[in-house]
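The opening position of the sequence shown corresponds to residue 6 in this note's numbering, with each subsequent residue numbered one higher.
Note that CB positions come from ideal geometry on N, CA and C, so glycine has one too.
Predicted, not measured: the structure shown is a model, and the values here were computed from it.
Accompanying notes for the structure given below.
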Amino acid sequence: MVTTTYQVQGMTCGHCVSAVTAEVGAVAGVSDVQVDLATGRVTVTSESPLDTNTVRAAVDEAGYDLVDE
Numbered sequence: 006m007v008t009t010t011y012q013v014q015g016m017t018c019g020h021c022v023s024a025v026t027a028e029v030g031a032v033a034g035v036s037d038v039q040v041d042l043a044t045g046r047v048t049v050t051s052e053s054p055l056d057t058n059t060v061r062a063a064v065d066e067a068g069y070d071l072v073d074e
């Protein structure tokens, strides 16, 4: 398993957390998504390393922005 942390901008409430969790959780190979609303950090556990653009597209679909670190 691989754990990767991303920074997401624009989340302000529980609905935001649910939307990001659902979209990122639907990415192939993802087994767990943990969102820290206060910091904007999204920790993703997956079977293998994920393509950042795939995660970016999922976050975008949820209506938020993945911040390049």
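Put simply, the backbone Cα of cysteine 21 is about 16 Å away from that of valine 60. Ranked by how close their Cα comes to the Cα of threonine 50, the residues Ala31, Asp73, Ser23, Leu71 have Ala31 in first place. With at least 16 other beta carbons inside 10 angstroms of its own, glutamate 28 counts as buried. Counting C-beta atoms within 10 angstroms of its own C-beta, alanine 33 has fewer than 16 neighbours from the protein chains shown and is therefore classed as exposed. Between leucine 55 and methionine 16 the beta-carbon gap is near 19 Å, outside 8 Å, which marks them as no contact.
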